[in-house]
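Novice: Just so you know, we're using my numbering here: the sequence shown kicks off at 1386 and counts up by one.
Ideal placement from N, C-alpha and C gives every residue a C-beta, glycine not left out.
First the structure, which I've put down as structure tokens, then a few questions once you've had a look.
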Amino acid sequence: MKNPRSTSKPNDPEAARQYCLQLLSGRPRTRTELGDSMRRKGFEEEIVTEILERYAEVGLIDDAVFARAWVESRHRSRGLSKRSLAGELRRKGVDPDFVDAAVEQVSDDDEREAALELARRRYRSMAGQADDAVLRKLVGMLARKGYGSGVAIPVVKQVLAEAESDAAELLDEDAHFE
């Protein structure tokens, strides 16, 4: 039985080019992702290498640009830490130098601010829970996003302090109405 993923023309450079362009039209991809997909499709290594080199020369494939865009997007939309972003890029086969350069565009302040925003957002759904449970849940959530305890714990303590301060202000305002 024929493998449905394999191509009927493993030696056809034009079919390989078209397949690569089709992959790129869906979303940006790394050189490694493209190569792996083309190999799974059944294209010969020589053709895959030739196409990837040519597309890199003309700028259709640029792992450095991909890495920068990935970091900006995932940090902004998902609030991922630098460590998580670097891990994702490494799993996608991006060169470690490109990974480092892309992750450096996120400052420590930006990373802390993203963690703070995530914790504030999540805290709103935890009304009425004990502080120790909230602390544990929020630190755990931030850890899953890749934040170390050196960022997560102070951020969560700040969110809890802000909530306590807000509650105290509300109590003071209520006292004025009596």
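Could you give the DSSP three-state label for serine 1391: helix, strand or coil?
Specialist: Position 6 of the sequence shown, counted from the first residue, corresponds to residue 1391. Bear in mind that the predicted position of serine 1391 carries a pLDDT of just 48, short of 50, making it too unreliable to give a figure here.
Novice: If you run the structure through DSSP and keep just helix, strand and coil, what is proline 1413?
Specialist: Reading the sequence shown from its first residue, position 28 is the one you call residue 1413. The answer is coil: DSSP assigns proline 1413 none of H, G, I, E or B.
Novice: Tell me whether serine 1466 is buried or exposed, calling it buried when 16 or more other Cβ atoms sit within 10 Å of its Cβ.
Specialist: Along the sequence shown, one-based indexing puts residue 1466 at 81. Buried.
Novice: If I measure Cβ to Cβ from arginine 1505 and keep anything under 7 Å in the same chain, skipping five residues before and after, which residues do I get?
Specialist: In the sequence shown, residue 1505 corresponds to position 120, counting from 1. Answer for arginine 1505: Val1544, listed in chain order.
Novice: Smallest Cα separation from cysteine 1405: which of Asn1396, Ser1469, Pro1395, Leu1437?
Specialist: One-based indexing of the sequence shown puts residue 1405 at position 20. Closest by alpha carbon: Leu1437.
Novice: Can you grab the Cα-Cα spacing for the pair arginine 1453 / arginine 1476, in whole Å?
Specialist: Position 68 of the sequence shown, counted from the first residue, corresponds to residue 1453. Position 91 of the sequence shown, counted from the first residue, corresponds to residue 1476. Roughly 15 Å between the two C-alpha positions.
Novice: Tell me whether the beta-carbon of proline 1481 lies closer than 7 Å to the beta-carbon of phenylalanine 1451.
Specialist: Stepping through the sequence shown from its first residue, residue 1481 is reached at position 96. Stepping through the sequence shown from its first residue, residue 1451 is reached at position 66. Against a cut-off of 7 Å, the Cβ pair of phenylalanine 1451 and proline 1481 comes out as no contact.
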